[in-house]
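Here's the structure, in structure tokens; my notes come after.
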């Protein structure tokens with residue numbers, strides 16, 4: 181089932197954290213904003229930005245890379261939160277609340293990374309274990325997006341190589357794409 185970026189809990193939490201810090205830092209004096217504030221906002225905003233960038237990537241390794249950047253930004257944000265607390269820029273209560281949201285975000289982000297790692301491993305196994313002479317159909321819940329260049333280029337490429345694509349659609353249930361790939365016989 182396809183899930184929108186805005187529906188991902190880890191993204192929603194990062195968005196909430198960004199907005200809360202923006203509200204907090206906007207109250208600070210100019211020196212505090214220029215030193216700690218800008219760094220904190222950049223780090224916190226970078227979490228959601230990297231989750232979004234990951235979401236827009238097609239290849240699992242690219243997705244994971246941006247999720248690792250998001251996790252690094254989350255730890256950087258915690259560093260700047262601690263600076264803000266020590267310099268009395270945020271109250272101990274506000275610090276506690278924001279740190280709680282940050283910890284929850286890191287837990288969700290680590291779980292999300294782990295799930296993407298499992299998907300990447302599963303996808304690699306599916307590709308490497310496919311017998312070359314059989315047509316294999318992936319379950320519909322494993323395919324969520326196809327890049328537009330693949331959709332537009334694949335049919336022509338397949339037909340010139342001796343293969344084809346068949347599409348079966350059912351209203352309200354979706355479509356099934358079956359690609360028939362030619363195999364090369366090896367000579368012994």
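Numbering (the numbering used here), first residue to last: 181 to 368.
Every residue, glycine too, gets a C-beta built ideally from N, C-alpha and C.
Item	Value
Proximity of residue 249 and residue 226 at Cβ, strictly below 9 Å	yes
Beta-carbon separation (whole angstroms), residue 219 vs residue 260, contact threshold 8 Å	5 Å
Presumed contact (8 Å Cβ cut-off) between residue 246 and residue 233, rounded CB distance	5 Å
Alpha carbon of residue 353 to alpha carbon of residue 289, nearest angstrom	31 Å
Reduced DSSP category for residue 210 - H, G, I as helix; E, B as strand; rest coil	helix
Proximity below 9 Å, CB of residue 278 to CB of residue 200	yes
Strand pairing of residue 359, partner residues [DSSP]	345
Cβ pair residue 282, residue 264 closer than 9 Å	no
Contact set for residue 285: own chain, Cβ-Cβ below 8 Å, skip 5 residues either direction	190, 193, 194, 197, 227, 254
Local Cβ density within 10 Å of residue 209, reported as buried at 16 or more and exposed below that	exposed
Span separating the alpha-carbon of residue 213 from that of residue 207	9 Å
Those residues which DSSP pairs with residue 350 across a bridge	354
Near the ligand GTP: residue 272 beta-carbon under 8 Å from a heavy atom	What this structure holds is no ligand at all, so the ligand GTP is not there to describe.
Pairwise C-alpha distance: residue 252 and residue 238	21 Å
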